[in-house]
Amino acid sequence: MSVFFVAVMSANGKISRSHTALVDWTSKADLKWFKDITTKTGVVVMGRKTFETLRFPLPDRLNVVMTHEPHLYHNKCSNVLFTDILPDQLIKMLEKKGYNNIAVVGGQSIFTLFLKEKLVDEMYLTYEPIIFDGIDPFLDLNEEVRMKTMNVKFLDSGAWVVHYKIIHWENENGKGI
Ligand SMILES: NC(=O)c1ccc[n+]([C@@H]2O[C@H](COP(=O)([O-])OP(=O)(O)OC[C@H]3O[C@@H](n4cnc5c(N)ncnc54)[C@H](OP(=O)(O)O)[C@@H]3O)[C@@H](O)[C@H]2O)c1
Numbered sequence: 064m065s066v067f068f069v070a071v072m073s074a075n076g077k078i079s080r081s082h083t084a085l086v087d088w089t090s091k092a093d094l095k096w097f098k099d100i101t102t103k104t105g106v107v108v109m110g111r112k113t114f115e116t117l118r119f120p121l122p123d124r125l126n127v128v129m130t131h132e133p134h135l136y137h138n139k140c141s142n143v144l145f146t147d148i149l150p151d152q153l154i155k156m157l158e159k160k161g162y163n164n165i166a167v168v169g170g171q172s173i174f175t176l177f178l179k180e181k182l183v184d185e186m187y188l189t190y191e192p193i194i195f196d197g198i199d200p201f202l203d204l205n206e207e208v209r210m211k212t213m214n215v216k217f218l219d220s221g222a223w224v225v226h227y228k229i230i231h232w233e234n235e236n237g238k239g240i
């Protein structure tokens, strides 16, 4: 089982213009890359705010939407699951359902949650050639995350996708965890 992040960032490392903005600045090549990797994985985990920026659930994938208030949402689509289950339990539940990998696709609060709980193994970060003011992928981490670059893939659009594997966490005192 591998849990990985898939995120697209501006050249200055922002994932969105605001907490409610749609990611409408990414290239077609990255959208295709995102669709391919997440469809192959079969399941995407996202926060409720990210889900609300989408016009419809991502097809051919189970859309797991994290919210503290799942009772407020009525599942109209069979491929959408609103849940307040804890991330480690969520991973176990998806494993039991037969998923071998899990794509965590944001936004900031969900990336931060999984990273702080050390539940992520890999990241695929696309860097688009654009700069704007916006929000960071992670908030108040308090720890350093050391990664190994596994691959860099250039997309037709001029964006590139970096595949990282997490190797080590370090706390504020520089101690390995
Ligand atoms: N560039 C990229 O790759 C990328 C990817 C995804 C999203 N984004 C952008 O990121 C922005 C959204 O990020 P965001 O941080 O504001 O919101 P978010 O992470 O998408 O969603 C936040 C919501 O997730 C739920 N949540 C958070 N922690 C939870 C927990 N422990 N248990 C259960 N539910 C939990 C809460 O929902 P409730 O309030 O309902 O309780 C919370 O309000 C949008 O602009 C989106 O377009 C960018």
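64 is the number of the first residue of the sequence shown in the numbering used here; add one for each residue after it.
Every residue gets a Cβ at the ideal spot worked out from N, C-alpha and C, and that includes glycine.
In the three-state reduction of the DSSP assignment, M72 falls in the strand class, which pools E and B. A Cβ-Cβ contact shorter than 8 Å links I229 with E185. Spatial neighbours of V183 in its own chain (CB-CB distance under 8 Å, excluding positions within 5 residues in sequence) are listed in chain order as V66, F67, F68, V167, F177 and I229. Judged by their CB atoms, H226 and Y187 are nearer to each other than the 8 Å cut-off. The beta-bridge partner set that DSSP reports for S65 consists of N164. According to DSSP, H231 shares a beta bridge with R209. Remark: the C-beta of I173 is in contact range of ligand 1, defined as less than 7 Å to any heavy atom. Straight across, the Cα-Cα distance linking P200 with G169 is about 8 Å. The count of Cβ pairs closer than 8 Å, one atom from the stretch 89 to 108 and one from the stretch 206 to 225, reaches three, so the stretches are in contact. Nearest to G161 by alpha-carbon distance, out of A92, K139 and T104, is T104. The bridge partners DSSP lists for L188 are A70 and V225. With respect to T212, M72 sits apart: the two C-beta atoms are not nearer than 8 Å.
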